[in-house]
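Read through the structure below, which is laid out as structure tokens, and then see the notes.
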Amino acid sequence: MFENILASIGINSVKVETLVKNKSIHSNDTLEGIVRIEGGSSAQTINKISLTLVERYENPDKNSQFPVLENELQTFTLHTNVELKEHQTITEEFKFNIYEYEFKSEPKHLILKTHAYVGYSVDAYDEDKIVFK
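Numbered according to the UniProt record's numbering, the sequence shown terminates at residue 133, and the numbering increases by one at each position without gaps.
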């Protein structure tokens, strides 16, 4: 019971890690990798896992309070309603076709954001920078 309470406030809870195959890519490449979700000290439900590929670029509006903007290139969901047992690890593969996207700038890197929506607990996040050549 105590483990469930700790997990619900994020202590010893689910961890998410995104592992990309290549840390640098070209505009005609495919970005591939896996998402690894590690269970915490109690069983939990992963409502969904979303991956978002983002281009960050300088805001052309010099009067704006936001010097950098984000262009979401693609978001998709890997899992829905998965029961993760205590200390269980699951993995899921992903693939982004870089050549399909329209960029707002000539990016030096892309950002891959991973968000695990954990039921009745603190969500888990990961963010990776991929060098764009």
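Glycine residues also receive a C-beta, built at the ideal position from the N, C-alpha and C atoms.
If you're wondering where the values come from, they're calculated on a predicted model, not measured in any experiment.
Among the options, which one has its Cα closest to the Cα of residue i?
{"i": "residue 142", "options": "P60, T45, K48, L69", "result": "This structure cannot speak to residue 142, because the chain is shown only from 1 to 133."}
{"i": "L84", "options": "S27, I25, T45, V131", "result": "T45"}
{"i": "D29", "options": "N97, H115, V118", "result": "N97"}
{"i": "L19", "options": "K104, S27, I37", "result": "I37"}
{"i": "G39", "options": "V118, F132, E127", "result": "V118"}
Are residue i and residue j closer than 8 Å when you measure CB to CB?
{"i": "L51", "j": "L110", "result": "no"}
{"i": "I90", "j": "I25", "result": "no"}
{"i": "Y57", "j": "S105", "result": "yes"}
{"i": "K125", "j": "V14", "result": "Residue identity differs from the one stated: residue 125 is Tyr in this sequence, not Lys. No, the pair does not count as a contact, with Cβ atoms beyond the cut-off."}
What residue range does the beta strand (DSSP E) around residue i cover?
{"i": "E92", "result": "89-97"}
{"i": "H109", "result": "109-118"}
{"i": "A124", "result": "124-132"}
{"i": "H26", "result": "Here H26 belongs to no beta strand (DSSP E), and DSSP marks it neither H nor E."}
{"i": "E58", "result": "44-58"}
{"i": "E72", "result": "68-84"}
Determine the direct distance from the alpha carbon of residue j to that of residue i, and round the result to whole angstroms.
{"i": "I11", "j": "N63", "result": "Residue placement at I11 cannot be trusted, given a pLDDT of 45 that sits under 50; the coordinates are not used to answer."}
{"i": "S42", "j": "K108", "result": "41 Å"}
{"i": "E100", "j": "G33", "result": "18 Å"}
{"i": "D123", "j": "A116", "result": "6 Å"}
{"i": "I9", "j": "Y120", "result": "With a pLDDT of only 38 at I9, under the threshold of 50, the placement of this residue in the model should not be trusted; the figure read from the coordinates follows. So the alpha carbons of these two residues sit roughly 9 Å apart."}
{"i": "K133", "j": "V82", "result": "36 Å"}
{"i": "T77", "j": "E102", "result": "21 Å"}
{"i": "Q48", "j": "K23", "result": "Looking at the sequence shown, residue 48 is not Gln but Lys. In a straight line, the C-alpha of K48 is about 25 Å away from that of K23."}
{"i": "D128", "j": "Q88", "result": "23 Å"}
{"i": "K95", "j": "Q74", "result": "11 Å"}
{"i": "F66", "j": "N59", "result": "7 Å"}
Is the Cβ of residue i closer than 8 Å to any Cβ of chain B?
{"i": "S105", "result": "The question asks about chain B, but that chain is absent: this structure has only one protein chain."}
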